[in-house]
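Below: one structure, written as structure tokens.
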Amino acid sequence: MTDLLNSDLLRKKLRLQRQSLSDAQQLHHAQQAKQYLHDFLIHFQNSTAQKTLNIAFFLAQDGEMPTAQAIEMLWQSSPYTLFLPILKSTPHDGHMVFAEYTPNSPMKPNQFGILEPSLNHPLPITGKELDIVLTPLVGFDSSGNRMGMGGGYYDRTFQFKQQSSKISSPRLIGWAHSCQQVTQLPTNFWDIPLNGVITEMGLMNFNVDKT
35 MTDLLNSDLL
45 RKKLRLQRQS
55 LSDAQQLHHA
65 QQAKQYLHDF
75 LIHFQNSTAQ
85 KTLNIAFFLA
95 QDGEMPTAQA
105 IEMLWQSSPY
115 TLFLPILKST
125 PHDGHMVFAE
135 YTPNSPMKPN
145 QFGILEPSLN
155 HPLPITGKEL
165 DIVLTPLVGF
175 DSSGNRMGMG
185 GGYYDRTFQF
195 KQQSSKISSP
205 RLIGWAHSCQ
215 QVTQLPTNFW
225 DIPLNGVITE
235 MGLMNFNVDK
245 T
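Under my numbering, the first residue of the sequence shown carries the number 35, and numbering increases by one thereafter.
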């Protein structure tokens, strides 16, 4: 109970920190991070020899670092196909699938009021079919641990990365303000660590893959 309480208090504190950033700070951070994302994608393609990439992103809310500028950049780059998550909730298993996202994608709000692409246009893919996932987060630490909003959607969706030492894809990259970094996060055995985090300060890489 104490660990849960501490996590909830930390989550609240970190959310307030990012919400306190001014609009000008938010946009400046997003502009800086967009360039670091561009450089990361170029390096990733060169190192893996992949000509095209399936990239998942998200629509920012609640003080999260804005994603609109980076999404526009990805739309303008033909090697990249952009996807957004769609929440799939059952009584015992909330997870995500991913639908292609273009400027013309039909959208609808999910149960949290966040816009998602329509499930039927086009048909969604699973997390295993992605190359890179830019994830939202509330907090992160230097070991690659990630604190989300508490729903567990990302951990359940990418649980397969824990099931085999041969699975390194997709790369999970946090997208956050540098003020969201903490010294050490509380963790659970089901938590899926990040491969890196992009902030307005640059890209942090974490050696979390077992390969």
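Glycine included, C-beta positions come from ideal geometry on N, C-alpha and C.
Near the ligand FMN: residue i beta-carbon under 8 Å from a heavy atom
{"i": "LEU157", "result": "Because no ligand of any kind appears in the structure shown, any question about the ligand FMN cannot be addressed here."}
8 Å contact criterion, which residue i and residue j should meet: CB distance rounded
{"i": "PRO158", "j": "ILE105", "result": "Rounded, the Cβ-Cβ distance is 18 Å, inconsistent with contact."}
{"i": "TRP209", "j": "THR101", "result": "7 Å"}
{"i": "ASP165", "j": "GLN66", "result": "ASP165 to GLN66, Cβ: 23 Å. No contact."}
{"i": "TYR187", "j": "GLY128", "result": "6 Å"}
{"i": "GLY185", "j": "VAL216", "result": "The Cβ separation is near 20 Å, so there is no contact."}
{"i": "MET99", "j": "GLN60", "result": "7 Å"}
{"i": "THR191", "j": "MET130", "result": "5 Å"}
{"i": "ARG52", "j": "GLN214", "result": "6 Å"}
{"i": "TRP109", "j": "PRO137", "result": "7 Å"}
Beta-bridge partners of residue i, as assigned by DSSP
{"i": "TRP209", "result": "ILE232"}
{"i": "PRO143", "result": "LEU149"}
{"i": "GLY173", "result": "MET181"}
{"i": "GLN215", "result": "PHE174"}
{"i": "GLU134", "result": "PHE117"}
{"i": "ILE166", "result": "ILE89 and ARG205"}
{"i": "ASN222", "result": "Answer is none; ASN222 lacks a bridge partner."}
{"i": "LEU157", "result": "Paired residue(s): none; LEU157 is not in a bridge."}
{"i": "ASN239", "result": "GLY230"}
Beta-carbon proximity check, residue i vs residue j, cutoff 9 Å
{"i": "PHE146", "j": "LEU118", "result": "no"}
{"i": "TYR114", "j": "ILE232", "result": "no"}
{"i": "SER177", "j": "GLN218", "result": "yes"}
{"i": "ASN229", "j": "ASN222", "result": "no"}
{"i": "PRO204", "j": "LYS162", "result": "yes"}
{"i": "LEU149", "j": "SER111", "result": "no"}
{"i": "HIS77", "j": "HIS211", "result": "no"}
Report the residue ranges of all alpha helix (DSSP H) runs contained in full by the region 49-122; include only those spanning at least 4 residues, in chain order.
For the region 49-122, whole alpha helix (DSSP H) runs of length 4 or above, ordered along the chain, are 57-82 and 102-109.
Mind the definition here: the region 176-184 touches the region 44-58 only if three or more C-beta pairs lie below 8 Å; say whether that holds.
yes
Check whether the region 72-89 touches the region 166-175, taking contact to mean three or more Cβ pairs, one atom from each stretch, closer than 8 Å.
yes
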